[in-house]
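Read in order, the letters of the sequence shown correspond to residues 1213 to 1382 in this note's numbering.
A short write-up of the structure that comes next.
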Amino acid sequence: MQFCKMVRMPKLAKIWKVLPEARLVGGCVRDSILGIPPKDFDFAIPICPEEASKKFKDAGYTVLETGLQHGTITVMIENEGFELTTLRTDDKTDGRHATVSWITDWKADSTRRDFTINSMYIDCYGNLYDYHNGVEDIKNKVIRFVGDADKRIKEDALRILRYFRFMGRF
């Protein structure tokens, strides 16, 4: 699968120039596989949000600390925000919010995501990382939770709504 056109986008190239280890994740990857132009681009990063924030500020970008407790910063490039979220584990959840720990393991991060079709990553070279067979599920029009569905829903009850939204879409 080729993602060359997407990874060559000038705004994304600016993210990768500062943080080449960042990977696109989630909906933009899924939509690209489906042939749908992505609306927004989210990144997963293997460094803490404070370190990433410093790197982008040092490179001259505006950084919004939009969700530090969950590892998320927003980098502004040409009046467009790009969310970068540190790889993490969800240590404790209450059905909607999580207490998290930073990690550097991409596969472990992918296991805390909602659906297989949203748990894929693309690096700056266009390589796809699909730890849970999301591409196969897209081909077969299957919406499948990553791991145990009951556990995913107990972690965040809104995943039930997302499930039905995706069922209607695919």
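We put the beta carbon where it would ideally sit given N, CA and C, even for glycine.
For clarity, every value in this text was computed on a predicted model and none was experimentally measured.
Pairing I1334 with L1236 gives a Cβ-Cβ distance under 8 Å. The continuous beta strand (DSSP E) containing D1302 extends over residues 1300–1305. Residue pairing for G1293: DSSP places it in a beta bridge opposite M1288.
When C-alpha distances from T1297 are compared across V1287, K1217, F1382, the shortest belongs to V1287. The beta strand (DSSP E) runs lying completely inside the stretch 1219–1272 and spanning 3 residues or more are 1235–1237, 1254–1257, given in chain order.
Contact between the stretch 1241–1254 and the stretch 1263–1276 is not established, with fewer than three Cβ pairs separated by less than 8 Å. With a minimum length of 4 residues, the unbroken runs of alpha helix (DSSP H) contained wholly in the stretch 1321–1377 fall at 1346–1351, 1361–1367.
Taking each of T1274, D1321, D1306, T1278 in turn and checking the Cα distance to I1289, the smallest one comes out for T1274.
The residue from D1302, H1344, P1250 with its alpha-carbon nearest to that of G1359 is H1344. Under the DSSP assignment, G1279 falls in the beta strand (DSSP E) whose first and last residues are 1274–1279. Short of 7 Å from the beta carbon of K1226, and not among the five residues preceding or following it, lie these beta carbons of its own chain, in chain order: I1289.
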